[in-house]
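This report refers to the structure that appears directly beneath it.
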Amino acid sequence: MLLGDLSRADYAKSLPPVFARLCAKLNSLDLANLPLGWQDLEPNIRMNVMEFETSEAAGKQAEMHRKFIDIQLLIAGEEMIEYGLSQPNLALFDDYREDEDYQLTDQIENQNEVVLKPNMFAIFLPYEPHKPGNCVKGNPQPLRKLVVKVPIELL
Numbered sequence: 001m002l003l004g005d006l007s008r009a010d011y012a013k014s015l016p017p018v019f020a021r022l023c024a025k026l027n028s029l030d031l032a033n034l035p036l037g038w039q040d041l042e043p044n045i046r047m048n049v050m051e052f053e054t055s056e057a058a059g060k061q062a063e064m065h066r067k068f069i070d071i072q073l074l075i076a077g078e079e080m081i082e083y084g085l086s087q088p089n090l091a092l093f094d095d096y097r098e099d100e101d102y103q104l105t106d107q108i109e110n111q112n113e114v115v116l117k118p119n120m121f122a123i124f125l126p127y128e129p130h131k132p133g134n135c136v137k138g139n140p141q142p143l144r145k146l147v148v149k150v151p152i153e154l155l
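Positions 1 to 155 (the UniProt record's numbering) are the ones given, in order, by the sequence shown.
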């Protein structure tokens, strides 16, 4: 997982070139006024702009991908994301949905948390389980974010 903040002038300094390019493109957009839903960012790279209310992490499942990298960029609100970086035990996950590139689990081993604020992004690589959309300190709030799906072949 990688973390960054588009508000910093040096946000791209330690990013692989594909992520630096995509983040620069995102940084040039009027994020607050992007239409909701799926749209193309580049050929073969799509993003989903969404709005929802954060909720408690308890009872939610974490997701994990194999073929795509997630760039999750917070536009408005605050969001806590639970994640794991250790090698996942695939026996704890349900069946892999190849067409949609995800599988779910009730448990993230060696779980960590990060709180995103506006303009911050988290990049989740394949086999890094993550549970987004959680409220911070038990306080649900409206959220606006986008998720970019980057094919692993571009890394």
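The C-beta atom is built at its ideal place from N, Cα and C for all residues, glycine as well.
For T105, which residues does DSSP report across the bridge? A62 and F93
With distance defined between alpha-carbon atoms, name the residue in L36, P43, H65 and P129 nearest to N112. P129
Rounded to a whole number of angstroms, what is the C-alpha to C-alpha distance between N48 and P151? 15 Å
Taking Cβ positions, are I123 and D70 nearer each other than 9 Å? yes
Selected residue, minimal CA-CA separation from A91, among E109, V148, L146 and Q141: Nearest neighbour of A91 by Cα position, chosen from E109, V148, L146 and Q141, turns out to be E109.
Identity of the residues DSSP links to P151 by a beta bridge: F68
Spatial neighbours of V147 in its chain, beta-carbon cut-off 6 Å, leaving aside the 5 residues before and after: Counting only Cβ-Cβ distances below 6 Å, and skipping sequence neighbours, we find N48, D70 and Q72.
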